[in-house]
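What follows is a single structure, written as C-alpha cells, with notes after it.
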Amino acid sequence: MAVRDKSEVIGRSGLVVLDVAVGHKTSVEIREPRDVLSLTRKVNGVSIQVVEDRNFTTLKTAQTLPWGAIRAQGPEGVEVRYRVRTRGDVTGDPEFD
C-alpha cells in the first residue's frame with residue numbers, strides 16, 4: 043500500500059508511462075496540468091483503453107495480470123505532476139479539484 047507523488051516530462055513520442063502495476067490495483071490522478079492530457083490504460087498487458095476522465099483513472103487487480111499500465115499523452119516537454127495510489131490506498135474517487 044502506498045501513496046506517491048511523482049512527476050514526468052512528456053518526451054518526443056508525446057506519450058509517457060505514469061505507472062505499471064503487476065497483480066495489484068492502482069490509480070493515477072493528475073495534479074498538473076489538469077484537463078490537458080489524455081489518459082489511456084493498457085489492460086492485461088495487451089488491450090489499450092482510452093479513459094473518459096482526463097485527470098483520473100484506476101486499474102483493478104484483475105486488469106493488472108500479467109500487468110497493466112496507465113499512460114498520459116500530450117505535448118512534448120510538458121511536465122506532468124501526478125499521484126499514484128496502490129493496493130489498499132486506492133480510493134476509486136479523485137482527490138483534486
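Numbering (the working numbering), first residue to last: 43 to 139.
Think of the CB as a built atom: it goes at the ideal place given N, C-alpha and C, for glycine as much as any other residue.
#1: Note down the Cα distance separating LYS102 from GLY119, rounded to an integer number of angstroms.
#2: On the three-pair Cβ rule with 8 angstroms, is the stretch 114-128 touching the stretch 62-76?
#3: So within the stretch 90-132, which uninterrupted beta strand (DSSP E) runs reach at least 3 residues, ignoring any that extend past its ends?
#4: Using 8 angstroms for Cβ pairs, my map puts ARG129 next to HIS66. What's the rounded Cβ distance?
#5: ALA104: buried (16+ other C-beta within 10 angstroms of its C-beta) or exposed?
The answer reads as follows:
#1: 30 angstroms
#2: yes
#3: 98-101, 110-115 and 121-128
#4: 5 angstroms
#5: exposed
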